[in-house]
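As structure tokens, the structure follows; a few thoughts come after it.
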Amino acid sequence: MAVVKSNTKQMELLARLMRAEAEGEGELGMLMVGNVGVNRVRAACLDFKNIRTLEEMVFQSPGGFEATQKSYFYQRAREQDKRLAQRVINGERFHPATRSLWFFEPPGECPAQWYNQWNSGRFKSHCFYSPSTADCPEI
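Residue numbers for the sequence shown follow the UniProt record's numbering, beginning at 1 and rising by one.
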């Protein structure tokens with residue numbers, strides 16, 4: 001059962017985002033990017049109080065994703081990307097992105113904090129950051 005509302009167009013949008021942000025990290029990296037996106041829709045907290053749909057999440061400005069500014073993001077979603085997107089829409093979560101609302105690729109080690117949020121772990125080149133349960137109990 002889906003943890004966020006979506007239609008085919010929104011699922012494909014999430015699939016394109018996951019691919020554009022983390023294709024080089026493999027399927028697991030793409031799933032983790034999907035976790036961050038779904039978490040942003042579910043979280044009625046911090047920078048995401050007014051984000052209620054996958055489309056709003058993907059194109060949030062400021063604070064959105066760099067991938068939406070690149071032509072690669074605008075390519076059609078592949079079937080394998082759609083399957084991954086549907087998995088995170090259905091609620092599958094992957095550590096360290098389980099509760100994460102942010103990720104980025106630092107030039108070196110992951111900082112302990114980023115935008116006042118604690119590092120929850122690293123997967124390949126991306127560091128993930130999660131809010132406290134007190135700040136964001138919804139995710």
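By construction, the Cβ of each residue, glycine as well, lies at the ideal position given by its N, Cα and C atoms.
Of all C-beta pairs linking the region 45-58 to the region 10-26, three or more are shorter than 8 Å, placing the two stretches in contact. For the pair G121 and Q80, the Cα-to-Cα distance works out to about 26 Å. Under the DSSP definition of a beta bridge, R122 partners with C127.
Note that the C-beta distance between F123 and E25 is below 8 Å.
Q86 carries a helical assignment under DSSP once its states are collapsed to helix, strand and coil.
Cα atoms of A15 and P111: separation of roughly 28 Å, rounded to the nearest angstrom. The region 66-76 makes no contact with the region 86-98; the number of CB pairs closer than 8 Å stays below 3.
If you draw a straight line from the Cα of E109 to the Cα of N90, it is about 32 Å long.
Checking the DSSP bridge columns, you'll see F103 partnered with F128. Look at Q117 here: in three-state DSSP terms it is strand.
Q60 sits in coil when the DSSP states are folded into three classes, being neither helix nor strand.
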